[in-house]
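Numbering (UniProt numbering), first residue to last: 1 to 151.
We put the CB at the ideal spot given by N, CA and C, even for glycine.
Bear in mind that the values here come from a model prediction, so they are computed numbers and not experimental data.
Data first, discussion second: the structure below is written as structure tokens.
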């Protein structure tokens, strides 16, 4: 069993096959964590930015410049800000194909990203405030929020 990958706000593990509430962790009975190297082999990369509120913008700008990212937008996923919140959130949990790399920066709250490994098993990645997660193109994923808001 791989050591727990708790690096900079990210933790990853193999999921059970339960169809219960998507917001639950879904650990297997014998917890099996996924290492950062295993995630990298799947093309999933992660970083951590400064969690201090006054440093977010500066750190994000430097990160984007270092990676050559020029486009970005902010989506606030909360019942107060998003009409039809529950309907939209359920759509995130439907497995879908990424045709381009997607980079997600967690400004507030936390959530899960689920990806398949090379043997078609689901890996759950938990991201928290300050985490950046890069999901590769040509990867089937699902995403879901924890009980807190994620932006």
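In this structure, the CA atom of residue 99 is about 14 Å from the CA atom of residue 44.
Contact fails between the segment 126-135 and the segment 83-93, because fewer than three Cβ pairs, one in each stretch, are under 8 Å apart.
Taking C-beta separations shorter than 7 Å and ignoring five residues to either side along the sequence, the partners of residue 27 in its chain run 13 and 16, following chain order. For residue 34, the closest C-alpha among the options 136, 133 and 10 is that of 10. DSSP places residue 88 inside the alpha helix (DSSP H), whose first and last residues are 85-92. Within a 10 Å sphere around the beta-carbon of residue 62 sit fewer than 16 other beta-carbons, which makes this residue exposed. Annotation for residue 101: 134, 135, 136 and 137 place their beta carbon closer than 8 Å to its own, counting only its chain and skipping 5 residues before and after. Taking the Cα positions, residue 109 is about 25 Å away from residue 65.
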